[in-house]
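Report on the structure given below.
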Amino acid sequence: MAAAVVIALVIVIALVVLVASLSIRLVQQYQRGVVFRFGRVLERIRQPGFQLIVPVADRMVRVSMQTTVIGVPAQGVITRDNVTLTVDAVVYYRVVDPVKVLVNVRDYPSAVLQVAQTALRSVIGKADLDTLLRDRDRINAELKSVIDAPTEKPWGLLIERVEVKDVSLPEGMKRSMSRQAEAERERRARVIAADGEYQASRRLADASRAMAKTPGAYQLRLLQTVVDVAAEKNSTLVMPFPVELLRFFDRLAGGESEVARPAGEAGQGPAEQAPSLGPVTENVAAAADGDGRRPER
Numbered sequence: 219m220a221a222a223v224v225i226a227l228v229i230v231i232a233l234v235v236l237v238a239s240l241s242i243r244l245v246q247q248y249q250r251g252v253v254f255r256f257g258r259v260l261e262r263i264r265q266p267g268f269q270l271i272v273p274v275a276d277r278m279v280r281v282s283m284q285t286t287v288i289g290v291p292a293q294g295v296i297t298r299d300n301v302t303l304t305v306d307a308v309v310y311y312r313v314v315d316p317v318k319v320l321v322n323v324r325d326y327p328s329a330v331l332q333v334a335q336t337a338l339r340s341v342i343g344k345a346d347l348d349t350l351l352r353d354r355d356r357i358n359a360e361l362k363s364v365i366d367a368p369t370e371k372p373w374g375l376l377i378e379r380v381e382v383k384d385v386s387l388p389e390g391m392k393r394s395m396s397r398q399a400e401a402e403r404e405r406r407a408r409v410i411a412a413d414g415e416y417q418a419s420r421r422l423a424d425a426s427r428a429m430a431k432t433p434g435a436y437q438l439r440l441l442q443t444v445v446d447v448a449a450e451k452n453s454t455l456v457m458p459f460p461v462e463l464l465r466f467f468d469r470l471a472g473g474e475s476e477v478a479r480p481a482g483e484a485g486q487g488p489a490e491q492a493p494s495l496g497p498v499t500e501n502v503a504a505a506a507d508g509d510g511r512r513p514e515r
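Just so you know, we're using my numbering here: the sequence shown kicks off at 219 and counts up by one.
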């Protein structure tokens with residue numbers, strides 16, 4: 219009797235362990251459980267923790283709710299302005315409805331990848347090269363909306379983010395863009411230099427008008443130039459020439475020409491007048507006549 223009782227107890231324990239192993243399921247924190255009873259989905263989604271199901275009749279499938287990242291392979295695309303590019307992207311998505319993911323679509327990661335490839339070709343083909351390179355955020359947003367439309371409600375997936383990862387240009391297009399950028403930089407440099415020269419000329423004109431009102435300003439400016447030249451250690455020899463001396467010769471030459479004009483009119487005609495000897499020679503001759511003696515040779 220004792221042996222039969224022990225055997226019966228062992229059988230009962232084995233049956234309990236077997237039923238427990240078939241009934242108890244563990245759902246992780248990042249998972250949700252979907253139970254199929256005789257092939258039909260139960261409405262209640264099993265939450266994380268230990269869950270009990272009916273052995274043989276129920277089958278539970280765990281669905282991960284984590285964000286999944288897939289890389290879209292490089293796609294050869296022709297833009298709207300007929301430029302051939304190679305573009306690849308990356309897609310971030312997660313499951314929001316585990317029932318739809320299991321029932322409405324088979325192998326949803328592969329399905330999302332195919333939709334992403336098609337959307338990438340479609341969106342890039344509608345944009346030109348400048349928009350693709352300059353306004354990348356708009357292209358990413360348009361890609362997200364195009365991929366999210368057929369996957370969110372029918373498949374129970376949410377596309378969180380789509381980014382164009384790399385854009386490969388042909389070598390000829392890269393050289394053309396480099397020449398274009400260089401020409402644009404050269405144009406800006408020339409415009410800035412011309413504008414600087416224009417502003418400098420305006421300032422110099424204002425300075426010359428201000429210095430003309432003060433005769434001593436020219437001499438001060440001359441001395442400042444000498445200081446600037448002599449600031450560095452060099453062998454430059456600077457000989458300052460007073461501006462007042464130039465003005466003296468200018469006034470002296472102007473006075474002699476006014477004196478010589480009436481004398482020519484009172485004497486012989488223009489054909490009989492003696493040739494002019496120049497301002498300096500005339501000044502020496504006038505000084506000799508004023509003293510009443512000839513200059514010594």
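The beta carbon of each residue, even a glycine, is placed where N, CA and C say it ideally should be. Predicted model only: the values in this text are computed from it and were never measured.
Taking only three categories from DSSP, how would you classify P291? Translated into the one-based positions of the sequence shown, residue 291 becomes position 73. Correct three-state label for P291: strand.
Does the pairing of the segment 396-416 with the segment 314-330 give three or more beta-carbon distances under 8 Å? no
Is it buried or exposed for V230, if we count other Cβ within 10 angstroms and need 16 for buried? Indexing the sequence shown from 1 puts residue 230 at position 12. Exposed, since its Cβ has fewer than 16 Cβ neighbours within 10 Å.
With 16 as the cutoff for other CB atoms within 10 Å, does Y248 come out buried or exposed? Residue numbering aside, residue 248 sits at position 30 when the sequence shown is read from its first letter. Exposed, since its Cβ has fewer than 16 Cβ neighbours within 10 Å.
If you check the beta carbons only, do L303 and S386 fall under 9 Å apart? Taking the sequence shown and counting its residues from 1, one reaches residue 303 at position 85. Taking the sequence shown and counting its residues from 1, one reaches residue 386 at position 168. Yes, the Cβ-Cβ distance between L303 and S386 is below 9 Å.
A367 versus G294 - alpha carbon distance: Residue 367 sits at position 149 when you count from the first residue of the sequence shown. Residue 294 sits at position 76 when you count from the first residue of the sequence shown. Distance between the alpha carbons of A367 and G294: 23 Å.
Among S328, M391 and Q417, nearest to W373 - alpha-carbon criterion: Working through the sequence shown from its first residue, we reach residue 373 at position 155. Considering only alpha carbons, the answer is S328.
Leaving out five residues before and five after A220 in sequence, what residues of the same chain have Cβ atoms less than 8 Å from its Cβ? One-based indexing of the sequence shown puts residue 220 at position 2. None.
Opposing strand residues paired with T297 [DSSP bridges]: Taking the first residue of the sequence shown as 1, we reach residue 297 at position 79. Beta-bridge pairing links T297 to no other residue.
Per the contact definition of three or more C-beta pairs closer than 8 Å, is the segment 282-291 in contact with the segment 266-274? no
Contact between the segment 301-318 and the segment 375-390 is defined here as three or more beta-carbon pairs at a separation below 8 Å; is this criterion met? yes
Spell out a yes or no on whether the segment 333-340 and the segment 354-371 are touching, meaning 3 or more CB-CB pairs, one atom from each, closer than 8 Å. yes
CB-CB under 8 Å to V237, same chain, minus the five flanking residues each way: which ones, in chain order? In the sequence shown, residue 237 corresponds to position 19, counting from 1. So the qualifying residues of the chain are P273.
Check whether the Cβ atoms of V330 and I357 lie closer than 9 Å to each other. Within the sequence shown, numbered from 1, the residue matching residue 330 stands at position 112. Within the sequence shown, numbered from 1, the residue matching residue 357 stands at position 139. Cβ distance not < 9 Å, so V330 and I357 don't count as in contact.
Per-residue DSSP class, three states only, for D325: To locate residue 325, count along the sequence shown from 1; it is residue 107. Coil at D325, not helix or strand.
Quick check for students: name the residue ranges of the alpha helix (DSSP H) that lie wholly in the segment 225-299, counting only runs of 4 or more. none
What are the start and end residues of each continuous beta strand (DSSP E) run of 3 or more residues lying completely inside the segment 330-418, in chain order? 375-386
For V309, the first and last residue of its enclosing beta strand (DSSP E): Here the question's residue 309 lines up with position 91 in the sequence shown. Segment T302 to V313, the beta strand (DSSP E) holding V309.
What would DSSP say about P316, mapped onto helix, strand or coil? As a first step, residue 316 must be located in the sequence shown, where it is residue number 98. Residue state, collapsed to three classes: helix.
Thinking C-beta only, is D346 closer than 9 Å to D299? The residue given as residue 299 occupies position 81 in the sequence shown. The residue given as residue 346 occupies position 128 in the sequence shown. The answer is yes: Cβ separation under 9 Å.
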